[in-house]
Structure formats: structure tokens, C-alpha cells
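Q:
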Amino acid sequence: MFRGEYPLSLDSKGRLAVPSRYRERLSESCGGKLVITISLLERCLVAYPFPDWQRIEDALNGLPALDTKAQALSHLLIGHANDCDMDAHGRLLVPPTLREFAALNKRVKMIGQVSKFELWDDDTWAARREELLSQVDSLQAEPSDALRGLVL
Numbered sequence: 092m093f094r095g096e097y098p099l100s101l102d103s104k105g106r107l108a109v110p111s112r113y114r115e116r117l118s119e120s121c122g123g124k125l126v127i128t129i130s131l132l133e134r135c136l137v138a139y140p141f142p143d144w145q146r147i148e149d150a151l152n153g154l155p156a157l158d159t160k161a162q163a164l165s166h167l168l169i170g171h172a173n174d175c176d177m178d179a180h181g182r183l184l185v186p187p188t189l190r191e192f193a194a195l196n197k198r199v200k201m202i203g204q205v206s207k208f209e210l211w212d213d214d215t216w217a218a219r220r221e222e223l224l225s226q227v228d229s230l231q232a233e234p235s236d237a238l239r240g241l242v243l
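This is the structure we're talking about:
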């Protein structure tokens, strides 16, 4: 559903306008209801259409209560999760604590990741993209098992 890179502007109230090409799809697939939480791998935010998030939350809820690693993941993901409804103008209000985590200021990049999208500070994304591009040769030379069958 989500692919590509889109420049967005965060307004003074912490709202971002979802690109118009995704507004109708989000309205149809989840009634404009999304969940935004932190990424466990990067200093960015991850936004999920509510049905996709519900599956993640159900899986996290099913993890053993006495497994410290499982509980750590649950605390981080569910503990930072915020319901965000797209308003009539196609905007999402990003809570201040999440904006602070990802260091989001006025210029934000939306990075599509198929069933979810990431929200990055523009400068942080530019640096991360360059870092990833510098690793392409080594990624192709020594692919992980999961990447071996992928033809690019």
C-alpha cells in the first residue's frame, strides 16, 4: 500500500498532511484510524493502519508475561503507541512525546514500507539513506539467508 518517499511539513500544532494518494485508501481500509509508535531499530516513528497494528498488538499480548525480552518489546511498542485519526483535511496529529523521540521538526519525510510508513526528521533520513547506500555493495556481496532469493 505505501511506497515511496514524500516530503511533509509538520505544522505548529504537530499535524502532518497525509499525501493525497493515500488518504482515500486509508479511509477505505481503516476508516482513517492509524496507530503511531516508535521504531525499535531507528530514531523514527512507524504508522500502521489500525487493522495491521491490531495484529501486532495481539501477537505482543500473546507473548509470555515472564519473558523479559518479550515484555521489553511490548513496553516499548505498546507503551509508545498512540491512536491517531486522520481528520477531514487528511492530517494526523503526532503527539509531542513521539515528535520528541524522532526529533521531528518542520521538515519530515514519509517513507513507505508497504503495509506501514515511517516518519523521519528530514536531515536524519538523508543521513541514514546515505549510510544505507554506502552499504549496498556489502549487502549484495554477503546477503543474509532472507535476501538470497531476492533478485534486484
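In this note's numbering, the protein residues as written are 92 to 243.
In this text, a Cβ means the ideal position worked out from N, Cα and C, and glycines have one as well.
#1: Determine, using beta carbons only, whether Ile147 and Leu189 come nearer to each other than 8 Å.
#2: By the three-class DSSP mapping on this structure, what secondary structure does Ser206 have?
#3: With burial defined as no fewer than 16 other Cβ atoms inside 10 Å of the residue's Cβ, what is the status of Lys200: buried or exposed?
#4: When you compare the CB positions of Ala218 and Leu136, do they come within less than 8 Å of one another, or not?
#5: Strictly by DSSP, which residues pair up with Ser136?
#6: According to DSSP, Asn196 sits in a beta bridge with which residue or residues?
#7: Rounding to the nearest angstrom, what Cα-Cα distance links Arg123 and Phe208 in this structure?
#8: Are the beta-carbon atoms belonging to Asn173 and Pro187 less than 8 Å from one another?
#9: What do you reckon, are the CB atoms on Gly181 and Val109 nearer than 8 Å?
#10: How many Å lie between Glu191 and Arg134 at the Cα?
#11: With 16 other CB atoms within 10 Å as the buried threshold, where does Leu223 fall?
#12: Give the C-beta separation of Leu195 and Asp212 to the nearest angstrom, bearing in mind that I take them to be a contact with Cβ-Cβ under 8 Å.
#13: Report the CB separation of Asp143 from Ser206 in whole angstroms; it is logged as a contact under 8 Å.
#14: Can you tell me which of Leu183, Val227, His166, Arg112 puts its alpha carbon nearest to the alpha carbon of Met92?
#15: According to the neighbour-count rule (16 or more other Cβ atoms, all chains shown, within 10 Å of its Cβ), is Arg131 buried or exposed?
#16: I need the straight-line Cα distance from Gln162 to Arg114, nearest angstrom please.
A: If we stick to the structure as given:
#1: Locating residue 147 in the sequence shown gives position 56, where the first residue counts as 1. Locating residue 189 in the sequence shown gives position 98, where the first residue counts as 1. Result no, Cβ atoms of Ile147 and Leu189 do not sit closer than 8 Å.
#2: Here the question's residue 206 lines up with position 115 in the sequence shown. If DSSP states are grouped into helix, strand and coil, Ser206 belongs with coil.
#3: The sequence position of residue 200 within the sequence shown is 109, counting from 1. Per the 10 Å Cβ criterion, buried.
#4: Taking the first residue of the sequence shown as 1, we reach residue 218 at position 127. Taking the first residue of the sequence shown as 1, we reach residue 136 at position 45. Not a contact, by the Cβ cut-off of 8 Å.
#5: As a working mapping, residue 136 is identified with position 45 in the sequence shown. A small fix is needed here, since residue 136 is Leu in this sequence, not Ser. Ile129, Leu210.
#6: Along the sequence shown, one-based indexing puts residue 196 at 105. In the DSSP assignment, Asn196 is bridged to no other residue.
#7: Against the sequence shown, residue 123 aligns to sequence position 32. Against the sequence shown, residue 208 aligns to sequence position 117. For the sequence presented, residue 123 should be read as Gly rather than Arg. A straight-line Cα-Cα distance of about 14 Å links Gly123 and Phe208.
#8: Within the sequence shown, residue 173 is the residue found at index 82, counting from 1. Within the sequence shown, residue 187 is the residue found at index 96, counting from 1. In this structure, Pro187 does not lie closer than 8 Å to Asn173 by Cβ.
#9: Taking the sequence shown and counting its residues from 1, one reaches residue 181 at position 90. Taking the sequence shown and counting its residues from 1, one reaches residue 109 at position 18. Yes, these two residues count as a Cβ contact at 8 Å.
#10: Numbered from its first residue, the sequence shown carries residue 191 at position 100. Numbered from its first residue, the sequence shown carries residue 134 at position 43. The alpha-carbon atoms of Glu191 and Arg134 are separated by roughly 10 Å.
#11: For the purposes of this step, residue 223 is taken as the residue at position 132 of the sequence shown. Counting Cβ neighbours within 10 Å, Leu223 comes out exposed, since fewer than 16 surround it.
#12: Position 104 of the sequence shown, counted from the first residue, corresponds to residue 195. Position 121 of the sequence shown, counted from the first residue, corresponds to residue 212. About 5 Å; that satisfies the 8 Å criterion.
#13: Along the sequence shown, read from residue 1 onward, the residue named residue 143 stands at position 52. Along the sequence shown, read from residue 1 onward, the residue named residue 206 stands at position 115. Confirmed, Cβ separation roughly 5 Å.
#14: In the sequence shown, counting from the first residue as 1, residue 92 sits at position 1. For Met92, the nearest C-alpha among the options comes from Arg112.
#15: Stepping through the sequence shown from its first residue, residue 131 is reached at position 40. The amino acid at residue 131 is misidentified as Arg; the sequence shows Leu. Looking at its Cβ environment, which holds fewer than 16 other Cβ atoms inside 10 Å, Leu131 is exposed.
#16: The residue labelled residue 162 in the question sits at position 71 within the sequence shown. The residue labelled residue 114 in the question sits at position 23 within the sequence shown. If you take the alpha carbons of Gln162 and Arg114, they lie about 34 Å apart.
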